[in-house]
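Written out below as structure tokens is the structure these notes cover.
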Amino acid sequence: MSSSRISLPGLAIVGGGPAGLMAAEVARAAGVEVDLYEGKGSVGRKFLIAGKGGLNLTHGEPRPGFDARYGARAGEVAAWLDDFDADALREWARGFGIDTYVGTSGRVFPMDRKAAPLLRGWVRRLRDQGVRFHVQHRWIGWNDDGSLRFATPDGELVVDAPATVLALGGGSWPELGSDGAWVPALRQRGIDVVDLQPSNCGFDIGWSEPMQRHAGAPLKPVIAHWRDLSGLEHTLQGECVVTAGGIEGSLIYALSATLRDTIARDGSATLHLDLAPGRDLERLRNDLAKPRSGRSFSEHLRRQTGLTGAKAALLREVLTKAQLDDATAVAGAIKRLPLTLRAPRPIAEAISSAGGVRLEALDATLMARAFPGVFCAGEMLDWEAPTGGYLLTACFASGVRAGRGAVAWLAARR
1 MSSSRISLPG LAIVGGGPAG LMAAEVARAA GVEVDLYEGK GSVGRKFLIA GKGGLNLTHG
61 EPRPGFDARY GARAGEVAAW LDDFDADALR EWARGFGIDT YVGTSGRVFP MDRKAAPLLR
121 GWVRRLRDQG VRFHVQHRWI GWNDDGSLRF ATPDGELVVD APATVLALGG GSWPELGSDG
181 AWVPALRQRG IDVVDLQPSN CGFDIGWSEP MQRHAGAPLK PVIAHWRDLS GLEHTLQGEC
241 VVTAGGIEGS LIYALSATLR DTIARDGSAT LHLDLAPGRD LERLRNDLAK PRSGRSFSEH
301 LRRQTGLTGA KAALLREVLT KAQLDDATAV AGAIKRLPLT LRAPRPIAEA ISSAGGVRLE
361 ALDATLMARA FPGVFCAGEM LDWEAPTGGY LLTACFASGV RAGRGAVAWL AARR
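Per UniProt numbering, the sequence shown starts with residue 1, numbered consecutively.
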């Protein structure tokens with residue numbers, strides 16, 4: 001394979017997700033020449049997948065509650081949101097003729113719930129503005145002189161750029177390009193990177209064979225009870241799904257950071273589920289204590305509590321045969337079913353990832369302290385958030401911050 005080298009007049013952006021595209025838009029609006037490199041055959045692939053079931057663009061929760069969703073990184077992400085928050089994102093989408101609405105859960109969607117029209121309009125506008133797109137250009141690191149290296153269908157391409165924005169994604173969805181392969185290259189350059197971990201993920205429990213038959217069954221509604229790393233108890237109502245090996249779903253994703261970190265510290269995490277939020281313990285105990293009159297446990301449970309299917313199977317999973325005949329034990333398990341979570345699912349299966357470039361390794365403009373002129377944005381940074389539009393919003397906002405930082409860096413060197 002041949003090798004070639006070029007020099008760019010302006011900014012190189014590596015990664016064609018929302019953060020990279022937003023950095024390109026900001027830089028081009030400031031008059032900076034922009035070349036955007038994407039390893040796959042088209043940009044925005046993960047964005048399109050995120051919109052497959054209805055593009056959850058952002059969330060209607062007002063600040064500062066919105067900011068708090070970013071946990072330990074709330075302060076840093078709040079600064080990005082000062083540049084470009086949920087309202088700004090909705091207004092930006094309106095610029096493409098795409099109105100949005102707030103759903104019953106507070107999540108914000110385009111009226112047609114689709115990602116493709118927004119992405120097409122965005123890429124078309126960026127091209128019209130002069131952004132040059134280079135697909136099937138997979139970044140493979142830097143040369144010793146700081147030039148960018150790309151593997152392309154025509155061989156290796158070496159690119160000299162006055163400034164670079166890296167928006168390479170995290171470690172989830174590797175088939176769409178977010179594979180974390182960039183970690184060693186940044187570490188070799190002295191940029192501090194926290195190991196990537198799954199976020200917004202399911203967990204392994206290790207079901208018995210009978211319980212495995214309920215894989216795919218929803219559990220709704222349920223209330224989760226769990227303790228955070230400091231021992232404080234929390235509760236949250238929602239829905240989840242039984243998997244072949246454990247549990248996943250929106251309720252579990254919302255707790256995943258704490259559960260993952262508890263497992264890392266203690267070897268496992270205990271999650272309690274209330275399978276019957278509408279009934280109190282005393283009523284359940286009294287109803288279950290009624291004579292069975294020859295009925296099976298399953299039929300008695302159905303008649304007295306309405307629990308069937310996967311919820312009934314969960315009781316069999318955690319209770320002994322003797323306990324299943326004890327109304328008090330069964331009622332207690334219905335209200336606080338103990339589940340021992342043994343491990344998070346692999347990062348390749350997660351919706352998003354935690355870890356990445358430590359924010360302390362970057363200045364306020366998201367430029368690497370160890371590598372001036374290189375900026376980082378998006379999910380490759382060390383922050384995480386629950387689903388619900390918070391992930392996408394921070395990716396957009398960090399792209400704005402990095403793009404503006406690159407513009408200022410280049411302007412100072414003219």
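Using N, Cα and C, we set each Cβ at its ideal position, and we do this for glycine too.
{"Item": "Out of Ser105, Ala264, His234 and Thr235, state which residue places its alpha-carbon closest to the alpha-carbon of glutamate 61.", "Value": "Ser105"}
{"Item": "Could one say the Cβ of isoleucine 252 lies closer than 7 Å to chain D's Cβ atoms, at least one of them?", "Value": "The displayed structure is made up of one protein chain only, and chain D is not part of it."}
{"Item": "Does the separation of the CB atoms of leucine 176 and valine 159 fall below 7 Å?", "Value": "no"}
{"Item": "Out of Ser293, Val34 and Ala333, point me to the one whose CA is closest to glutamate 282's CA.", "Value": "Ala333"}
{"Item": "Among the residues of its own chain, which have a CB less than 7 Å from the CB of valine 32, if the five just before and after it don't count?", "Value": "Gly10, Leu11, Val407 and Leu410"}
{"Item": "Smallest Cα separation from phenylalanine 396: which of Glu38, Val43, Leu57 and Asp35?", "Value": "Leu57"}
{"Item": "Taking its Cβ as the centre, do 16 or more other Cβ atoms sit within 10 Å of glutamate 349, making it buried, or is it exposed?", "Value": "exposed"}
{"Item": "Leaving out the 5 sequence neighbours to the left and right, which residues in its chain are closer than 7 Å to leucine 186 when beta-carbon positions are compared?", "Value": "Val193 and Val357"}
{"Item": "Out of curiosity, what's the CA-to-CA distance linking arginine 285 and leucine 337?", "Value": "15 Å"}
{"Item": "Go ahead and pull the three-state DSSP assignment for lysine 40.", "Value": "coil"}
{"Item": "Can you tell me whether histidine 300 is buried or exposed, with buried defined as 16 or more other CB within 10 angstroms of its CB?", "Value": "buried"}
{"Item": "Does the count of Cβ pairs from the region 299-319 and the region 368-380 closer than 8 Å reach three?", "Value": "no"}
{"Item": "Beta-carbon within less than 7 Å of arginine 369's beta-carbon, same chain only, minus the 5 sequence neighbours each way: which residues are those?", "Value": "Ala361, Leu362 and Asp363"}
{"Item": "Please classify methionine 111: does DSSP put it in a helix, a strand, or coil?", "Value": "coil"}
{"Item": "Residues in the same chain with beta-carbon distance under 7 Å from serine 208, minus the five sequence neighbours each way, listed in chain order, please.", "Value": "Glu317"}
{"Item": "From which residue to which residue does the beta strand (DSSP E) around isoleucine 13 run?", "Value": "11-14"}
{"Item": "When the Cα atoms are used, what is the spatial distance from threonine 262 to arginine 73?", "Value": "18 Å"}
{"Item": "Kindly provide the ranges of any alpha helix (DSSP H) runs that are 4 or more residues long and lie completely inside the region 146-217, ordered along the chain.", "Value": "183-188 and 209-212"}
{"Item": "How many whole angstroms separate the CB atoms of aspartate 382 and leucine 359, which I take to be in contact at a CB cut-off of 8 Å?", "Value": "6 Å"}
{"Item": "Roughly how many whole angstroms lie between the Cα atoms of leucine 251 and methionine 22?", "Value": "30 Å"}
{"Item": "I need the DSSP call for arginine 336, collapsed to helix, strand or coil.", "Value": "coil"}
{"Item": "For glycine 95, tell me which candidate among Gly121, Glu76 and Arg113 has the shortest Cα-Cα distance.", "Value": "Gly121"}
{"Item": "What does DSSP give as the partner residues of leucine 273 in its beta bridges?", "Value": "Ala224 and Leu337"}
{"Item": "Classify phenylalanine 133 as helix, strand or coil using the three-state DSSP reduction.", "Value": "strand"}
{"Item": "Classify leucine 236 as helix, strand or coil using the three-state DSSP reduction.", "Value": "strand"}
{"Item": "Taking all protein chains shown into account, decide if asparagine 200 is buried (16 or more other Cβ within 10 angstroms of its Cβ) or exposed.", "Value": "buried"}
{"Item": "What are the start and end residues of the alpha helix (DSSP H) that includes glycine 403?", "Value": "390-412"}
{"Item": "Quick one, are the C-beta atoms of glycine 180 and leucine 196 less than 7 Å apart?", "Value": "yes"}
{"Item": "So leucine 271 and leucine 339 are supposed to be a Cβ contact under 8 Å. How far apart are they, rounded?", "Value": "5 Å"}
{"Item": "Which class does serine 298 belong to by DSSP, given the choice of helix, strand or coil?", "Value": "helix"}
{"Item": "Just tell me which of Trp173, Met380, Pro174 and Leu273 has its CA closest to the CA of glutamine 237.", "Value": "Leu273"}
{"Item": "Could you please give the first and the last residue of the uninterrupted beta strand (DSSP E) stretch that includes serine 256?", "Value": "No beta strand (DSSP E) holds serine 256; the alpha helix (DSSP H) holding it covers 250-266."}
{"Item": "On the DSSP bridge list, what partners appear for valine 357?", "Value": "Val193 and Leu381"}
{"Item": "Along the chain, where does the beta strand (DSSP E) containing phenylalanine 371 start, and where does it finish?", "Value": "Neither: phenylalanine 371 is in no beta strand (DSSP E) and is coded neither H nor E."}
{"Item": "Sorted by chain position, which residues of the same chain lie with C-beta nearer than 6 Å to residue 418's C-beta, five sequence neighbours on each side aside?", "Value": "Any answer about residue 418 is impossible in this case: the structure gives the chain only from 1 up to 414."}
{"Item": "Just the C-alpha distance for residue 434 and proline 291, rounded to the nearest angstrom, thanks.", "Value": "A question about residue 434 goes unanswered here, because the residues of the chain that appear run from 1 up to 414."}
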